[in-house]
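J.: Let me give you the structure first, and then I'll get to my questions.
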Amino acid sequence: MHTKHAKHPITYGLLAEFDDQHSLVDAAHRAHVAGYTKMDAFSPLPIEELHHAMALPTTKLPALVLAGGLTGALGGFLLQTWVATMAYPLNIGGKPMFSWPMFIPVTFECTILGAALTAVFGMLALNGLPQPYHPVFNVPSFALASRDRFFLCIEAEDDKFDLDDTRRFLQSVGAKEVSVVED
Amino acid sequence: MAQNVLPVKMNQEGMPDTAVIGPGHNITSVTDKIASIVLTEKTGIVWVLGFLVAAAGAGMLLMSLSYLVVKGIGIWGNNIPVGWAFDITNFVWWIGIGHAGTLISAILLLLKQSWRTSINRFAEAMTLFAVACAGIFPLFHTGRPWLAYWLFPLPNTMGVWPQFRSPLVWDVFAVSTYATVSALFWFVGLVPDLATLRDRSESKVGRVIYGLFALGWRGSAMHWHRYETAYLLLAGLATPLVVSVHTVVSFDFAVGILPGWHTTIFPPYFVAGAIYSGFAMVITLAVPIRYFYGLQDFITMRHLQNMAKVMLVTGLVVAYGYGVEAFMAWYSANNYEGFMVLNRINGPYWPFYWALIACNIVIPQLLWFKSVRTNIPMLFVLSLIINVGMWLERFVIIVLSLHRDFLPSSWGMFRPTFWDFSTFFGTIGLFLTLLFLFCRFLPMISIFEMRTMVPGKRVAEGEHAH
Amino acid sequence: MTTGKAFWRTLDELADDPSFRERLYNEFPSEVEAISDPTTRRTFLKLMGASLALAGVTACTRQPEEKIVPYVRQPEELVLGKPLFFATAMSLGGVATGLLVESHEGRPTKIEGNPLHPGSLGAADVFNQSAALSLYDPDRAKTITNLGEIRPWAEFLAMMRATLISQKPLQGVGIRILTEAVNSPTLAAQIQDVLSRFPSAKWHQWDPTSRQHTMLGARQAFGEFVEAQYKFENADVILSLDGDFLGLAAGALRYAREFAERRRPDDAAHMNRLYALETMPSFTGAKADHRLPLKPSEIEVVARQIAAALGVGSASAPSGDAQKFVAAAAKDLGEHRGRSLVVAGESQPPAVHALAHAMNQALGNVGATVIYTEPVEIAPVDQVASIRELTADMDAGRVDLLVIIGGNPVFTAPADVPFAQALAKVQNRVRLGLYEDETSAFCQWQIPQVHFLEEWSDARAFDGTVSIVQPLIAPLYGGRSAHEVLAAMSDRQEQTPHDLVREHWAAKEKQAATSPDFEARWRRWLHDGLMADSAFTPRTVSLAATATAASPVEAAAGGYEISYRLDPSILDGRFANNGWLQETPKPITKLTWDNAVILSPATAEKLRVDQRPAMRGGEHGEILTRLIELKLGNRTVRGPVFAIPGHPDDCVTVHLGYGRQRGGHIADGAGFNAFALRASNGMAYGRGLQMTETGEGYSLACTQYHHLLEGRGIVRAISRDEFVRDPKAMHEGFEAPPRTLTLYPEYKYDGYKWGMAIDVNACTGCNACIVGCVAENNIAVIGKDQVLRGREMHWLRLDTYFAGHETNPETYFQPMPCMQCENAPCEVVCPVGATVHSHEGLNDMVYNRCVGTRYCSNNCPYKVRRFNYLLYQDFTTPSTMLGRNPDVTVRSRGVMEKCTYCVQRINRAKIDSEKQSRRIEDGEIKTACQQTCPTDAIIFGDLNDPNSRVARLQKEERNYAVLAELNTRPRTTYLGVVRNVNPELGE
Amino acid sequence: MSQIFHRSTNSIARVSIFGTIFIVAGLLVILLYINRSPWITRATAPREQPIQFSHERHVGGNGIDCRYCHTSVEDSRFAGIPPTKTCMNCHSQIFADAPFLEPVRASFATGKPLEWTRVHDLPNFVYFDHSIHVNKGVGCTTCHGQVDRMPLMYQEQSLQMEWCINCHRNPEQYVRPKEAVFRVDYQPPSNQAELGARLVAEYQIQKLTSCSTCHR
């Protein structure tokens, strides 16, 4: 570990490049089996299998969105109720003060708004985005990750990480090229 | 993708009718083709000319609105009894157009309709721009637009709040939610593509700008997982939202007590009408775009055909709505309702009503014929007719109901002024301006989703299913 | 919002405008005499009130700085912020109406009828109501000029003195005074004084608004000028010979009240019956149980047939439509001797009036339904002869000094009397006039005349009652009164009008003007607005042999007939510059801003002229019609055609007073000049009219073009017999949902519960309520172009509906203010709560909260909401701002407005009653429309008080809510019409 | 591809996105404060007047009753601004030659009124009636503050609608016995809640919050 601190620049990890998603999924799965935990796979398109291959956790996002939606609904409904019955009760065309059926459209819209905002900002927050700077971007070929190449990065922080062993391991699972990611 | 092995009849573009993407594409070619429109292709003369015309229209809008604020609503032809005319007609028309974008991207996503992929991006953009145009009208149709913020529940020194029983407040919430959610949906969809543009841009400025908006997207597996979850959830939220928006818009009328407005059929009939006009607008835009940008491989005959079928179906729902209106007027034996229908049919505005019936019901029946659905110029003309028809529908509902209501002493007529037209055409200018900018600076087809559509990709869907 | 400021000007800004302040300060020094005189208390007192109270809706969150300007010496009577009421009187056509004027810090703002006055009984007509606007009219003449140059009053006096001195030896042979009909005893005495000092001088009169045919008819009947006064309360059967006694007639306000009192269906047996022969559909014709549309000349024919049936004179046998009518009317009249009445109208020649007198004599009505007194006009003359003589004298160069007091003879003189050309031959021409008008253009000396609200004078009402006219404000534009001009011709040049009037009456009372006894009387007169017991006593008259002589037969050379009328809004053009009147929809035609050649649909078809609503405004705005050329003798005029149901065929009606050339900004250019057709040989109507279509189109601004009920129970009517059989029969087929038919709990209105009942049966359609509402509520005048677009602003409309055949329909007038629905559809849809219910059930409209979505108006089934599409209110003219009611917000651009049941009056009464810890009494609050209504058709009050008039009326069987089926639960309800149909004539 | 952004952009980007929410909320709060601040309401700021008239001297020092000058406060919606004559009643004797009273004497001599700057200025669409408030037990100082301690007149309260409405909803917190209405030194007793409730009943004070109570 102390070797890492002595080095300048610090090694973030090793990045292996693959030609197609099949190889990536395969490599990632084998890395997982090999006991690597601190790693990440990158692809230009979502690959559902990757998630399973790496045994990644299922996101909590749906629960958050539900909470966001309920907050919106409750907030919207209570706001209207408070305005109509407490803040300034007024006789509007003979309708009761608490005309709850007429509060439903706004409540509904507030539900959607709360849920949608939670979905987007929750997704960003959980993903740690925005993150315009990331070590992997230091690897020039990583630009192709958004086009047609597939990458697997094993991070230096992983307990099993060893620059040479890991490089060999990656080459063994079919990496076309392995580069050092510097931070 | 079983289509590839079946003997399929080829259409005039050399593709099977059912193909959603042209032959011979892989993820590399898809990426390069779409990204190149934004990054490397020269700005064409057609684009420049079109943009200038559209921008002139937007300028006219700016001028009209400025004059409106200085002088007042009186520059339009509105009066008492016709308090709403072009303003709200345009509002409903634009909002309706917007609905197709959300429908394509959200509902078709939930229904796993693969053909949505190549059209959803610009349909969503169209939604956003249409909502922006629509939003202008409720704001500027007020007598004192600088006080429009009173429609929002903001704490204030007066201690008074919006009146939440009013459909206009519902509108405010519905339209602003709709605009927000549409913008988020669109932007979230754009993020991976912005990353592509960031990585493929050759200019420093392009890299920085696209990079900033790409939020540092790097295609990480966990990111994709959350991303897809969020996108699906957004689609699930946008679907009831889009239905609610036009429902709420229809409440503007249905909550009123005016004959011609006070109708329970309005919500479904308005939503169907919105989709109808929205798909018409998508076709109106898609046909020239695929032609000028050579996107025949991505926006295929199947797309156009499917949209034509959706139009046919929603058009029939709308026709049913017209029928129910007339039937209820007769069945209720209500003097005012009966008069309202007769007044539409042979009152002073009869040409509008019959033009509406022709544009929205009679002519679109041509879509039953496959030869019409696959004839692109014909489809284009039909989509324009439906756009006009749907504008007329809102005009008929609003003006023809208002102009002769309960007391004959207060009957009146509405005649648009120059400023009515300049404001309306101005919003079309604004819409096209935004659309031109969008086509030039952002990928108008979702690149990453197209990658998933490429035939023959090695990891097929069922293979690793757990 | 500083941006708001540009649109939301208030008087405060204006108060900082140096020129405005200068003008206001300078008013006073010129009125030195006023300081020592009681007028001080009402003189126009600086900016105080204006800056205090003039309301403008400011949208600013940060207030602009406002100045507050107190009095230097505050008048004792004045409580700042509280209006004062003063009695005065307004004369028109030689007849006065007693008025009460509301004054805010010295600014008269609102005019009401004087309940003590016999000619008003608390009601006022459109001209009374709109007088305040004329007072503040910025187009009024403002300076004394000689040949266009501004001259001091002293110079005028010097000229006058010099002329009089030169005329003295000639006995004043070159002096002529031309006045309108005079009903001011003081003025008449002053004229007589001048005439006595210059025996050869002559006094001429010309006044198109005076009742010439009535006066001449009385002279024909009785050999002398006498005044007929009618007692409608005693009349069971009335026959009108084109006599619009509910509209433009002396005493019409009182007559309308008396007439309506006899038409309350709750006393069905006591209802009167009205037969009307008429040309132009009028108020009276609309209220008639049986109406016969006739050409102007036929009215005399049919009248003679009825007379003959009653044994008066002889006539040819009736034919056609008239046959049954003549028989039934004659029978009915004959059966009601002593309880019947025949009334002839100004638009009929003297012979018809004489015939009416003869019929009343024969029916034994004299003393019962009609009494005769000396004339109200002090010295009635044959005015046509008078002006013709004057013109001849002028033309012959016999006139050295002509003093024209008021009027506008150059514009109004008969077309065949070359008054204007002759006028130019007079050496000294002096004109006292409210405006620099057509006549001023021909005179060297133009003297601005005071408005009646600025002057001391006196005036006789229709029954002779004298009122002292007292000023509410010092002359705004330094005007002079007729008394001053005549004083200038006397040896009392320096006397003030106040002293002149006071001394006149002191002399009459044989008391010293300074005696305390007289002072007490004088104060009483001023306070009451009339001299008690000054009405004329009846006198006996005897029918002359000429009474039944027919009109001199003119050479009728085929063609059409043309009937002339004073315009119902602007009379002979004197009110042409009054925007309130111009914009008031004229009765029946609902036209604004124009007169028209009115004819029947059949005649229009014959002439191949058509009219139709334009897309702009439509039935509620622009009517496209054709210009037609009228040729009578050698005179031609072009005017737009307007066909209305109920007008007889083959004749046209034109209204006088339009086509002004120099009437002011508002007057000029509106309509066509019908005076240019009217010649002295056919003052009532002309024959031999030729009409040719010009091929040109014209746009008329009409606020209601669709007059059919479309089977909707908006107005409900039945005959008296049906009503007696089943009082609820009129509601058949129109059902209101029961109040229990709702999911919602009802709101309780525990305190007051305001409501209104409008008796459609009593409404005569006189428009006074509309103008009263405009005056009370600061309603904007928007101009013809905006009316064409269908945007008129009146909070209260007078919907007019026709039923029956278009040749002779039944006509109904329905005043339509805001219904103040309990389940108000407008409130639910307002996004900002700018229209909500008050705890007394008013449908409040909060202008300052309104953002202007117009949704409320769209959702209002009664369409009584009005929107400020542009900046309609005048926020810049200082004088118009002074006339505004400080208790009502002046609405600016972009906000909705509507009737509030005069909530400012409700609040004033509530505060007053609260301070005294009592409830508001029934009748204590009168809405502006109610207060001015001559027939008591509008009743406002507290529905929680079971004994209030409105609560009792709403319990009547005739009561119904318009559009009750919508369950809006309007607080304003209507009482249906009951017509006293003669069973022999049927419906 | 090489790195486009510096490491620090990560923090900047996150802060700017998630910070926006706080910035917008913060701006709203600031706006609310500004709207209620004396800068907008002009409360507590003395106005420039033609004469440095001191309520402290006249009310506090000389003990002149409010109604001596504001004569119509009990009868009219407008409390009244005294005419020059009222000033001269005393100042023709006292300080008759004081130079600072020259404008008063000039006004009296020329008949040109003094022009004061309005301190308590409601918008023109608000109809406030002094008489009914005074008659129902709302003291002068409740709205106008301790004028006997104001050398130059200023507005003490915001005069904003929420301020009006507060008393219209809860009059019992503010009413005082009628006889104390004009007392400038009146302080609410400790049992205001009890007294207020009793006075509200006794004076039949209604809680008027209908729009047309003030706007018409």
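Chains as they are written, first to last, in the numbering used here: chain A, 89 to 271; chain B, 836 to 1301; chain C, 620 to 1606; chain D, 298 to 513. Backbone N, C-alpha and C define an ideal beta-carbon position, used for all residues, glycine too.
Check whether the Cβ atoms of Val1104(C) and Leu1051(C) sit closer than 8 Å, and answer yes or no.
T.: As a first step, residue 1104(C) is located in the third sequence; it is residue number 485 there, counting from the start. As a first step, residue 1051(C) is located in the third sequence; it is residue number 432 there, counting from the start. Yes, the pair counts as a contact, with Cβ atoms nearer than the cut-off.
J.: Going by DSSP, which residues form a beta bridge with Gly101(A)?
T.: Sequence index remark: in the first sequence, residue 101(A) carries index 13 (1-based). Gly101(A) pairs with Glu243(A) and Val269(A).
J.: I'd like to know whether the C-beta of Pro193(A) is nearer than 8 Å to at least one C-beta of chain C.
T.: Start at 1 with the first residue of the first sequence, and residue 193(A) comes out as number 105. With 8 Å as the cut-off, Pro193(A) does not count as an interface residue toward chain C.
J.: Could you spell out where the alpha helix (DSSP H) holding Met1310(C) opens and where it closes?
T.: Here residue 1310(C) refers to the residue found at position 691 of the third sequence. Per DSSP, Met1310(C) lies in no alpha helix (DSSP H) segment; the continuous beta strand (DSSP E) that holds it begins and ends at Tyr1304 to Cys1321.
J.: Using a Cβ cut-off of 7 Å, pull out every chain C residue sitting near Ile378(D), in sequence order please.
T.: The residue given as residue 378(D) occupies position 81 in the fourth sequence. Result: Ile687 and Pro689.
J.: Take Ser953(B) as the anchor and find which of Ile862(B), Thr962(B), Ile856(B) and Val1078(B) has the nearest alpha-carbon.
T.: Here residue 953(B) refers to the residue found at position 118 of the second sequence. Ranking Ile862(B), Thr962(B), Ile856(B) and Val1078(B) by Cα distance to Ser953(B) puts Ile856(B) first.
J.: Pull up the distance between the alpha-carbon of Met1136(B) and that of Leu1202(B), whole angstroms please.
T.: Here residue 1136(B) refers to the residue found at position 301 of the second sequence. Here residue 1202(B) refers to the residue found at position 367 of the second sequence. So the alpha carbons of these two residues sit roughly 14 Å apart.
J.: Along the chain, where does the beta strand (DSSP E) containing Ala895(C) start, and where does it finish?
T.: Along the third sequence, one-based indexing puts residue 895(C) at 276. Element bounds for Ala895(C): Arg892 to Glu897.
J.: Can you tell me which of the three DSSP states Pro1259(C) falls into?
T.: Walking along the third sequence from the start, residue 1259(C) turns up at place 640. Pro1259(C): strand per DSSP, three-state reduction.
J.: Using a C-beta cutoff of 8 Å, does Gly519(D) count as contacting chain C?
T.: The question about residue 519(D) has no answer here: the residues shown for chain D are numbered 298 through 513.
J.: Which bits of chain A does His1456(C) rub up against, with CB to CB less than 9 Å?
T.: One-based indexing of the third sequence puts residue 1456(C) at position 837. Within chain A, the residues near His1456(C) are Leu178, Asn179, Ile180, Gly181 and Gly182.
J.: Against chain B, with Cβ distances strictly below 8 Å, would Pro223(A) count as a contact?
T.: Within the first sequence, numbered from 1, the residue matching residue 223(A) stands at position 135. Cβ-Cβ to chain B under 8 Å: no for Pro223(A).
J.: Can you check whether the CB of Tyr1488(C) is closer than 8 Å to the CB of Met1435(C)?
T.: Stepping through the third sequence from its first residue, residue 1435(C) is reached at position 816. Stepping through the third sequence from its first residue, residue 1488(C) is reached at position 869. Taking 8 Å as the Cβ cut-off, Met1435(C) and Tyr1488(C) do not qualify as a contacting pair.
J.: Thinking C-beta only, is Ala1547(C) closer than 8 Å to Gly1391(C)?
T.: On the third sequence, position 772 is the one that residue 1391(C) refers to. On the third sequence, position 928 is the one that residue 1547(C) refers to. Contact: yes.
J.: Does Leu398(D) come within less than 8 Å of chain C when only Cβ atoms are used?
T.: If you number the fourth sequence from 1, residue 398(D) lands on position 101. False, the Cβ-Cβ gap to chain C never drops below 8 Å.
J.: With 7 Å as the C-beta to C-beta threshold (strictly closer), list the residues of the stretch 973-998 of chain B near chain G in chain order.
T.: Included in the structure are the protein chains A, B, C and D, with no chain G among them.
J.: Quick one: is Arg304(D) buried, meaning 16 or more other Cβ sit within 10 Å of its Cβ, or exposed?
T.: Within the fourth sequence, residue 304(D) is the residue found at index 7, counting from 1. Classified as exposed, Arg304(D) has fewer than 16 neighbouring CB atoms from the shown chains inside 10 Å of its CB.
J.: Is the beta carbon of Glu371(D) less than 8 Å from the beta carbon of Val435(D)?
T.: For this step, residue 371(D) is matched to residue 74 along the fourth sequence. For this step, residue 435(D) is matched to residue 138 along the fourth sequence. No, the pair does not count as a contact, with Cβ atoms beyond the cut-off.
J.: For chain C, find out if any of its Cβ atoms is closer than 8 Å to the Cβ of Val1084(B); answer yes or no.
T.: Within the second sequence, residue 1084(B) is the residue found at index 249, counting from 1. Not an interface residue.
J.: Three Cβ pairs or more, each shorter than 8 Å: is that satisfied between the stretch 1055-1071 of chain B and the stretch 147-156 of chain A?
T.: yes
J.: Give the C-beta separation of Ala582(C) and Ser1299(C) to the nearest angstrom, bearing in mind that I take them to be a contact with Cβ-Cβ under 8 Å.
T.: In the structure as shown, chain C begins at 620 and stops at 1606. Residue 582(C) is therefore absent and cannot be evaluated.
J.: Just to confirm the assignment: which complete alpha helix (DSSP H) runs, minimum length 4, are found wholly within the stretch 453-511 of chain D?
T.: 458-466 and 489-499
J.: Looking at chain D, is there any beta carbon in it that lies within less than 8 Å of the beta carbon of Asn226(A)?
T.: For the purposes of this step, residue 226(A) is taken as the residue at position 138 of the first sequence. For Asn226(A), the answer is yes, since a Cβ of chain D falls inside 8 Å of its Cβ.
J.: Indicate whether the contact test is met: 3 or more Cβ pairs, each with one atom in the stretch 1485-1503 of chain C and one in the stretch 901-913 of chain B, closer than 8 Å.
T.: yes
J.: For the stretch 1441-1472 of chain C, which residues have a CB atom closer than 7 Å to at least one CB atom of chain A, in sequence order?
T.: Glu1441, Asn1442, Ala1443, Pro1444, Glu1446, Val1447, Gly1452, Val1455 and His1456
J.: Output, in sequence order along the chain, the residues in the stretch 152-174 of chain A whose CB is closer than 7 Å to any CB in chain B.
T.: Answer in chain order: Val153, Leu167, Gln168, Val171 and Ala172.
J.: Show which residues of chain B have a CB atom less than 8 Å away from the CB atom of Arg304(D).
T.: The residue labelled residue 304(D) in the question sits at position 7 within the fourth sequence. Residues of chain B passing the Cβ test: none, with the nearest at roughly 11 Å.
J.: Residues of chain D with CB under 7 Å from Gly1046(B), in chain order?
T.: In the second sequence, the residue the question calls residue 1046(B) occupies position 211. The contacting residues are Ile301 and Phe302.
J.: Here's the rule: buried if 16 or more other CB atoms are within 10 angstroms of the residue's CB, otherwise exposed. What is Tyr1579(C)?
T.: To locate residue 1579(C), count along the third sequence from 1; it is residue 960. Label assigned to Tyr1579(C): buried.
J.: Ala175(A): which of Thr992(B), Leu1151(B), Val927(B) and Ala889(B) sits nearest, CA to CA?
T.: Locating residue 175(A) in the first sequence gives position 87, where the first residue counts as 1. Per the C-alpha coordinates, the member of Thr992(B), Leu1151(B), Val927(B) and Ala889(B) positioned closest to Ala175(A) is Thr992(B).
J.: With DSSP as the reference, please indicate the residues paired to Asp1118(C) in a beta bridge.
T.: Position 499 of the third sequence, counted from the first residue, corresponds to residue 1118(C). Asp1118(C) pairs with nothing; no bridge assigned.
J.: In whole angstroms, what is the alpha-carbon distance linking Val904(B) and Ile810(C)?
T.: Taking the first residue of the second sequence as position 1, residue 904(B) is located at position 69. Taking the first residue of the third sequence as position 1, residue 810(C) is located at position 191. About 59 Å.
J.: Does DSSP put Leu867(C) in a helix, in a strand, or in coil?
T.: Translated into the one-based positions of the third sequence, residue 867(C) becomes position 248. Residue state, collapsed to three classes: coil.
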